[in-house]
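>
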Amino acid sequence: MSLAHGRSYLAIPGPSVMPDRVLQAMHRAAPNIYEGALPDMVDAMIPDLARVARTAHNTAIYIGNGHAAWEAALANVVQPGDTVLVPATGRFGHGWAEMAHGLGLTVETLDFGLRAPWNLDQIEEALRADTRHRIKAVLAVHVDTSTSIRNDVPGLRAAMDAAGHPALLMADCIASLGCDRFEMDAWGVDVMVAGSQKGLMTPPGLGFVFFNDKAAEARAGLDRVSRYWDWTQRANPDWFYQYFCGTAPTHHLLGLRAALDMIHEEGIEAVWDRHEVLARAIWAACEHWGQAGPLELNVGDPGYRSCAVTSLRIGAPHGQRLREWCEHEAGVTLGIGLGMAPPDDPARHGFFRLGHMGHINAHMILGLLSTIEAGLVALDIPHAPGGAQAAAQVVAQARPRPVQAAAAS
Ligand SMILES: *Cc1c(COP(=O)(O)O)cnc(C)c1O
């Protein structure tokens, strides 16, 4: 007998759970790419995508994953020899820095470790020290998916303004878009990158770059941008094929349309609220279990925890054993620890992550947490019993948000 039979559940931080509506939208014959419904749909979809990013400015779409969006964004605003500043709070900050290095940029990294958010004073100091303004951009990962730290983007904007530094503020919202509150224009973000497979509930394969007029000016000042990465025509196409510099990713677009419909029907504020309540349920369970055992949230201060992903410490080999138990005995796949220990160090088996991004609701998260509790019992991993109940209380006490007038946003 196995209790894993039934609908499986991928609770990793991307790819995320795909709604049936998204899957069904993709389940159809290839559409005409020259005229008609598909081109019309894409024209109308761009503003809906920008609404999720909370920007009134430009959108470019790439056929690629998040790494492609990282490179695309950089390719349009900096050139070899330029300097970028990377405040890193986990693996993904370093990942974007590596892409920048590969493009011939000089990378200044401020490493804040694996458990603390950006130190804004230190960032401001680094910018003030750059009196000749060699730094062209600050590469800021909003939610670092490895550590689950959620950084203070408006605070970073304020630090850059206080330093009087003209660098572009570039945000990576690949994990956070559609999960954690993010306000591109209101927070003064110049460039934002995202991907399809996390909060946007669509298969991996689309990368998005949103940019404002200041970033467009930086693009205009470059001698040359490789034709494929150049965002100019993608954001302002004369012909449909220019959106994608070639054949459109037809079925990804159909899926994304359905996902955006779902987000806008629910309302982005309600989407953020749902993620927040469910994240608080997860934190409550983990804090409870950790009262008598090795389980510990990686981020201590709730103000810096992401509502999309939770990174946990439990000691080796418990992380690995728990993941195997949950997948093979209960049909739910947890995320591996990422960047918390060297890849050849057995200590890496002491971490795991929960993805709670996109198409998730109370019964999924309560089921996930009860499954983890069953695993802790089955594997004899010390913990305080009752974490799942603590989560249930958070869910029970959540107040539904009053329905807002349609004109409000
Ligand atoms: C997932 C992720 C990436 C990388 O995206 P890929 O699609 O795997 O290339 C980059 N940054 C963040 C914050 C992410 O969560």
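This note's numbering applies: residue -2 is where the sequence shown begins, and numbers increase by one.
Where a beta carbon is used, it is the ideal one built from N, C-alpha and C, also for glycine.
These numbers were taken from a predicted model, which means no experiment stands behind them.
1) Determine the burial state of A1: buried for a count of at least 16 other Cβ atoms within 10 Å of its Cβ, exposed for fewer.
2) DSSP three-state call for L165: helix, strand or coil?
3) Indicate, with yes or no, if ligand 1 has a heavy atom lying under 7 Å from the CB of T142.
4) Output needed for S406: all residues of its chain with C-beta closer than 7 Å, excluding positions within five of it in sequence on either side, in chain order.
5) With DSSP run on the structure shown, which of helix, strand or coil describes P84?
6) Classify D259 as helix, strand or coil using the three-state DSSP reduction.
7) Cβ atoms of T199 and H249: under 8 Å apart, would you say?
8) Where does S303 fall in DSSP's three states?
9) Near P314, what residues of its chain come up, given a Cβ to Cβ distance below 8 Å and the 5 sequence neighbours on each side ignored?
10) Quick one, are the C-beta atoms of V190 and F205 less than 8 Å apart?
11) Return the bridge partner residues of N55 from the DSSP annotation.
12) Which term fits M157, buried or exposed, when burial requires 16 or more other beta carbons within 10 angstroms of its beta carbon?
13) What residue range is occupied by the uninterrupted beta strand (DSSP E) comprising E122?
14) Between the C-alpha atoms of N233 and Y240, what's the straight-line distance to the nearest angstrom?
15) If you run the structure through DSSP and keep just helix, strand and coil, what is V39?
16) Please return the same chain residues whose Cβ sits closer than 6 Å to the Cβ of H162, not counting the five positions on each side in sequence.
17) For C242, which residues from the same chain have a beta carbon less than 6 Å from its beta carbon, with the 5 sequence-adjacent residues on both sides left out?
18) With which residues is S308 paired in a DSSP beta bridge?
19) Tell me whether S406 sits in a helix, a strand or coil according to DSSP, three-state version.
20) Evaluate the contact criterion for the region 249 to 258 versus the region 102 to 120: three or more CB pairs, one atom per stretch, below 8 Å.
21) On the three-state DSSP scale, how would you describe R147?
22) On the DSSP bridge assignment, give the partners of V138 in chain order.
23) Going by the beta-carbon positions, is the gap between F208 and D177 smaller than 8 Å?
24) Leaving out five residues before and five after S5 in sequence, what residues of the same chain have Cβ atoms less than 8 Å from its Cβ?
25) Considering just the uninterrupted stretch of the beta strand (DSSP E) at A191, what are its terminal residues?
26) From the DSSP output, read off the bridge partner residues of Y6.
Concretely, from the data shown:
1) Exposed, since its Cβ has fewer than 16 Cβ neighbours within 10 Å.
2) When DSSP states are grouped into helix, strand and coil, L165 belongs to the strand group.
3) yes
4) Confidence at S406 is low in this model, with a pLDDT of 46, below 50, so the placement of that residue should be treated as unreliable; the coordinate-derived value is given next. Here the set comprises nothing.
5) strand
6) The displayed chain sequence assigns Met, not Asp, to residue 259. Three-state result, M259: helix.
7) It is a contact, given that the beta carbons lie within the stated cut-off.
8) coil
9) P343, H346, G347
10) Annotated as proximal: V190 and F205, with beta-carbon spacing under 8 Å.
11) F208
12) buried
13) E122 -> not in any beta strand (DSSP E); alpha helix (DSSP H) instead, spanning 117 to 126.
14) Distance between the alpha carbons of N233 and Y240 is about 8 Å.
15) helix
16) L124
17) Result list for C242: Y225, in chain order.
18) R350
19) With a pLDDT of 46 at S406, under the threshold of 50, the predicted position of this residue should be treated as unreliable, though the coordinate-derived value follows. S406: coil per DSSP, three-state reduction.
20) no
21) Reduced to three states, the DSSP call for R147 is strand.
22) D169
23) no
24) G328, V329, T330
25) 188 to 192
26) Bridge partners of Y6: V329.
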